[in-house]
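Visitor:
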Amino acid sequence: MYLERRAVGCIPLNCKKRGLPHAHILRWMMEKITPNRIDEIISAEIPDIEIEKDLHDIVSKNMIHGPCGSLNNNSPCMSDGKCIKRYPRDLLAEAITGNDEYPFYRRRSTEDGGKSIKLKVLNNTIDVDNRWVVPYSPLLLKTYNAHINVEYCNSVKAIKYICKYVNKGSDMAVFGVENTMHLTIKLPKINWDTT
Ligand SMILES: [Zn+2]
1 MYLERRAVGC IPLNCKKRGL PHAHILRWMM EKITPNRIDE IISAEIPDIE IEKDLHDIVS
61 KNMIHGPCGS LNNNSPCMSD GKCIKRYPRD LLAEAITGND EYPFYRRRST EDGGKSIKLK
121 VLNNTIDVDN RWVVPYSPLL LKTYNAHINV EYCNSVKAIK YICKYVNKGS DMAVFGVENT
181 MHLTIKLPKI NWDTT
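Residue 1 is where the sequence shown starts when you use UniProt numbering, and the numbers rise one by one after that.
(1) Run the CB neighbour count on residue 157, radius 10 Å, all protein chains shown included, and call it buried at 16 or more, exposed below.
(2) Assign residue 164 to one of two classes, buried (16 or more other C-beta atoms within 10 Å of its C-beta) or exposed (fewer than that).
(3) Are the stretch 133–141 and the stretch 52–69 in contact at 8 Å, needing three or more beta carbon pairs?
(4) Over what stretch of residues does the beta strand (DSSP E) that includes residue 25 continue unbroken?
(5) Could you tell me the alpha carbon to alpha carbon distance between residue 87 and residue 126, rounded to whole angstroms?
(6) What are the partner residues of residue 136, as DSSP defines its beta bridges?
(7) Listed by chain order, which residues have C-beta atoms less than 6 Å from any heavy atom of ligand 2?
(8) Hey, would you say residue 91 sits closer than 8 Å to residue 107, going by beta carbons?
(9) My output table needs one value for residue 273: the three-state DSSP class, helix, strand or coil.
(10) Please state whether the Cβ-Cβ distance between residue 39 and residue 93 is less than 8 Å.
(11) Return the chain-ordered list of same chain residues with a C-beta closer than 7 Å to the C-beta of residue 72, the five sequence neighbours on each side being excluded.
(12) Among 159, 31, 37, which has the Cα closest to the Cα of residue 97?
Shown next as structure tokens:
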């Protein structure tokens with residue numbers, strides 16, 4: 001409800017050319033999200049299966065990063081022995097906001113009431129806790145049942161982000177119609193690896 005009511009602008013920035021196609025969308029909010037309300041809108045925690053089973057299942061299926069690192073060094077996010085996405089993140093009892101950074105979302109430990117799930121990684125069953133959750137909007141996840149990473153952005157760094165993606169260029173398809181009886185469509189091969 002919060003996003004629907006207050007979002008006033010939307011820019012689909014790009015379809016990324018690596019891996020699965022996806023969109024980067026930037027939305028402006030009519031009212032500022034105050035730091036004490038971030039947890040209402042963006043979560044980086046595994047929902048309680050007893051309270052929100054549907055959301056729990058969607059998060060478990062779509063919003064768990066990796067696992068990577070020592071649990072799986074062959075994960076595609078690994079470079080020079082480190083996760084380029086900076087997982088696993090630190091556990092935090094409360095969300096923390098900086099002046100010019102993405103916030104550090106609340107990621108409670110299991111001792112502090114956080115939940116965990118069991119995942120199979122390389123034939124081992126491991127406990128995955130909130131350190132591995134990609135931030136999400138419960139509303140959007142329940143609506144679309146998909147991987148949707150949502151980040152709170154209140155920084156001038158957003159300008160750099162916008163410029164980076166609008167300048168990557170768009171994918172293109174060229175086609176021609178030779179006659180009404182014999183339709184010929186020529187589609188160039190799109191190289192998803194070039195950026
Ligand atoms: Zn990783």
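We put the CB at the ideal spot given by N, CA and C, even for glycine.
Guide: Short version:
(1) Taking the sequence shown and counting its residues from 1, the one referred to as residue 157 is at position 157. Under this definition residue 157 is an exposed residue.
(2) Against the sequence shown, residue 164 aligns to sequence position 164. Per the 10 Å Cβ criterion, exposed.
(3) yes
(4) Your numbering for residue 25 matches position 25 in the sequence shown. Where residue 25 is concerned, the enclosing beta strand (DSSP E) stretches over 23–29.
(5) The residue you call residue 87 lines up with position 87 of the sequence shown. The residue you call residue 126 lines up with position 126 of the sequence shown. Rounded to whole angstroms, residue 87 to residue 126 spans 16 Å at the Cα level.
(6) In the sequence shown, residue 136 corresponds to position 136, counting from 1. Per DSSP, 43.
(7) In the structure on display, ligand 2 does not appear, and the ligands it does have are ligand 1.
(8) In the sequence shown, counting from the first residue as 1, residue 91 sits at position 91. In the sequence shown, counting from the first residue as 1, residue 107 sits at position 107. A contact, by the Cβ cut-off of 8 Å.
(9) Residue 273 is absent from the model: the chain starts at 1 and stops at 195.
(10) Stepping through the sequence shown from its first residue, residue 39 is reached at position 39. Stepping through the sequence shown from its first residue, residue 93 is reached at position 93. Not a contact, by the Cβ cut-off of 8 Å.
(11) Here residue 72 refers to the residue found at position 72 when the sequence shown is read from its first residue. Contacts found: 66, 121, 122.
(12) Mapped onto the sequence shown, residue 97 falls at position 97. Considering only alpha carbons, the answer is 37.
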